[in-house]
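Encoded as structure tokens, the structure appears first; notes follow it.
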Amino acid sequence: MEREDEAVLVALIAGIAQGQESALSQFYDRTSRLVYGLALRITGDADAAEEVSSDVYAQVWRTAVQFDPQKGSTTTWLVTMVRTRAIDLIRKRIRIQERETDLAGQELWTCPNPNPESQHVLTEMRSRIKAAMSQLAEDQREVLLATYFAGLTHSEIADVLRLPLGTVKTRIRLGLVNLRRLFETQGMGL
Numbered sequence: 057m058e059r060e061d062e063a064v065l066v067a068l069i070a071g072i073a074q075g076q077e078s079a080l081s082q083f084y085d086r087t088s089r090l091v092y093g094l095a096l097r098i099t100g101d102a103d104a105a106e107e108v109s110s111d112v113y114a115q116v117w118r119t120a121v122q123f124d125p126q127k128g129s130t131t132t133w134l135v136t137m138v139r140t141r142a143i144d145l146i147r148k149r150i151r152i153q154e155r156e157t158d159l160a161g162q163e164l165w166t167c168p169n170p171n172p173e174s175q176h177v178l179t180e181m182r183s184r185i186k187a188a189m190s191q192l193a194e195d196q197r198e199v200l201l202a203t204y205f206a207g208l209t210h211s212e213i214a215d216v217l218r219l220p221l222g223t224v225k226t227r228i229r230l231g232l233v234n235l236r237r238l239f240e241t242q243g244m245g246l
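Numbering (my numbering), first residue to last: 57 to 246.
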């Protein structure tokens, strides 16, 4: 971004900090393509990108007074907000999907002709799987949930979490190895 454009954006943020809605409108006009484009790239979903963009401009309105041009450019400030909001949205969707999967999983783990013994075994399996997942390191649990419950590809996870693809693959592999180990210690070999 040119120095002149940066100066205009800094002035608009100062106006936003003073509560000037027209400054926010002009700031939006000058930056919305960047914000939406980045949000779309991170989330891979137009509706999610719209939600992230809306959240970012609400945050700009609330936090403009805290912006310090000596600490960084307006672009850096915006990109950081977009990235944070997009990752938060994806994590929220993963948690929602995990809860839905828990409910759906209960249906999948039921027998068509249940008897008390088989129901007990299935309930015990569900409990052990949840316990094993909760014992994984957060970074391993996060990528496993993103892969197997949210249906994200390894590349999508790498983009969302801003990690190298190799790191994502390593975390998935370690998570699966650790799950296997936990299952085996519980007497649930795979």
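Beta carbons: idealized from backbone N, C-alpha and C, even for Gly.
Every value quoted in this text rests on a predicted model; they were computed, and no experiment measured them.
Distance between Glu-62 and Asp-144, taken at the CA atoms: about 28 angstroms. The beta carbon of Leu-221 lies closer than 7 angstroms to those of His-210, Ser-211 and Ala-214 in the same chain, with the five residues before and after it left out. Of the candidates Gly-207, Glu-106, Leu-219 and Gln-196, the residue whose Cα lies closest to the Cα of Ile-228 is Gln-196.
If only uninterrupted alpha helix (DSSP H) runs of at least 4 residues are considered, those enclosed by the region 171–215 are 172–191 and 194–204. The three-state reading of DSSP puts Phe-123 in coil, since its state is none of H, G, I, E or B. Secondary structure within the region 98–145: the alpha helix (DSSP H) runs of 4 or more consecutive residues, fully enclosed, are 102–119 (chain order).
Secondary structure at Leu-219: coil, using DSSP grouped into helix, strand and coil.
Residues of the same chain with a CB within less than 7 angstroms of the CB of Ile-72, apart from the 5 flanking positions on each side, are Ala-79, Leu-80, Phe-83, Val-116, Trp-117 and Ala-120 in chain order. With a 10 Å radius around the Cβ and a threshold of 16 neighbouring Cβ atoms, Ala-95 comes out buried. Within 10 angstroms of the beta-carbon of Val-177 lie fewer than 16 other beta-carbons, which makes it exposed. Tyr-113 is positioned such that its CB atom lies no closer than 9 angstroms to that of Ala-105.
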